[in-house]
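Oh and the sequence shown: position 46 is 34 in the working numbering, straight run, nothing missing.
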Amino acid sequence: MARRLLCLLHRMISVVRIASQQGSRTLAEMFTDPADILSGLNRRLHNRLQNGFVTCLILRLEPDGLCTFANAGHLPPYLNQNELHLPAALTLGLVPSARYEETTIQLEVGDRLTLYTDGLLEARNLDGELFGFDRLQQLVATSPDAKQATEAAVDFGQEDDLTVLTITRLATEVESATVLEAPPLVPSVA
-11 MARRLLCLLH RMISVVRIAS QQGSRTLAEM FTDPADILSG LNRRLHNRLQ
39 NGFVTCLILR LEPDGLCTFA NAGHLPPYLN QNELHLPAAL TLGLVPSARY
89 EETTIQLEVG DRLTLYTDGL LEARNLDGEL FGFDRLQQLV ATSPDAKQAT
139 EAAVDFGQED DLTVLTITRL ATEVESATVL EAPPLVPSVA
């Protein structure tokens, strides 16, 4: 398996969508360090946001299971049933000189990363109750795949856009196999 670079963006305004996507692709070609990519995206988006913000989580996954994260205000991922504690950082575009730190972990065979956007937390049932962090923790404890996590939010009453991605390390470097799962798009409920 070759090195994989994943970028999970969440934007509050659609105007920056193209700049974010094109910028992340271009920067990923220029840099291999997630923090450098975030710094470049941050500079590119500075003064382009009007009353909005962009969160972003970038991770680099190596064939041996080494996983390096950099975060710009995005919700932290889960490793197995535990929330990863990543350094706090500003969202993209607010301050051109913002610095982003990297955190590195080793994925062992059987480990599962769960990445998600706030649409999962902000699912609201008919009583107006949010899905929230407690339900997220309970859900992650069952080791769901991306489809199961998405279905849980939709069944609860998801109204916002929603992205859930799970990454499971299936084998050692010699056998190298990683599964990236993302369910089909679920239309937003208006």
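Just so it is clear, CB atoms sit at the ideal spot from N, CA and C, and this is done for glycine as well.
- Take the alpha-carbon of Asp24 and the one of Leu114: they are about 43 Å apart.
- For Glu90, the CB contacts under 8 Å within the same chain, skipping 5 residues up- and downstream, are Asp21, Pro22, Ala23, Thr56, Phe57, Ala58 in chain order.
- Look at the stretch 79 to 110 and you find these whole runs of alpha helix (DSSP H), each 4 residues long or longer: 106 to 109.
- The alpha-carbon separation between Ala159 and Gln94 amounts to approximately 13 Å.
- The DSSP assignment places complete beta strand (DSSP E) segments of no fewer than 3 residues inside the stretch 39 to 72 at 42 to 49, 54 to 60, in order along the chain.
- Here Thr20 carries a coil assignment [DSSP, helix/strand/coil].
- Your pair His73 and Pro64 checks out as a contact, with CB atoms roughly 7 Å apart and the cut at 8 Å.
- Assigned with DSSP and collapsed to three states, Thr156 falls in strand.
- Secondary structure at Leu29: helix, using DSSP grouped into helix, strand and coil.
- Contact between Arg112 and Gly145 is confirmed by a C-beta separation of about 5 Å, below the 8 Å threshold.
- The Cβ atoms of Leu109 and Leu127 do not sit closer than 8 Å to each other.
- For the pair Ile155 and Leu29, the Cα-to-Cα distance works out to about 24 Å.
- The three-state secondary structure of Leu124, taken from DSSP, is helix.
- At a Cβ-Cβ threshold of 8 Å, Arg48 and Gly98 do not count as neighbours.
- Closest in C-alpha terms to Gln38, from the list Glu117, Gly81, Leu103, comes Gly81.
- Here Val83 is exposed. Its C-beta has fewer than 16 other C-beta atoms within 10 Å.
- Annotated as distal: Thr79 and Asp149, with beta-carbon spacing of 8 Å or more.
- Nearest to Glu147 by C-alpha distance, out of Ala86, Phe119, Arg32, is Phe119.
- Beta-bridge annotation (DSSP): Arg36 is not paired with any residue.
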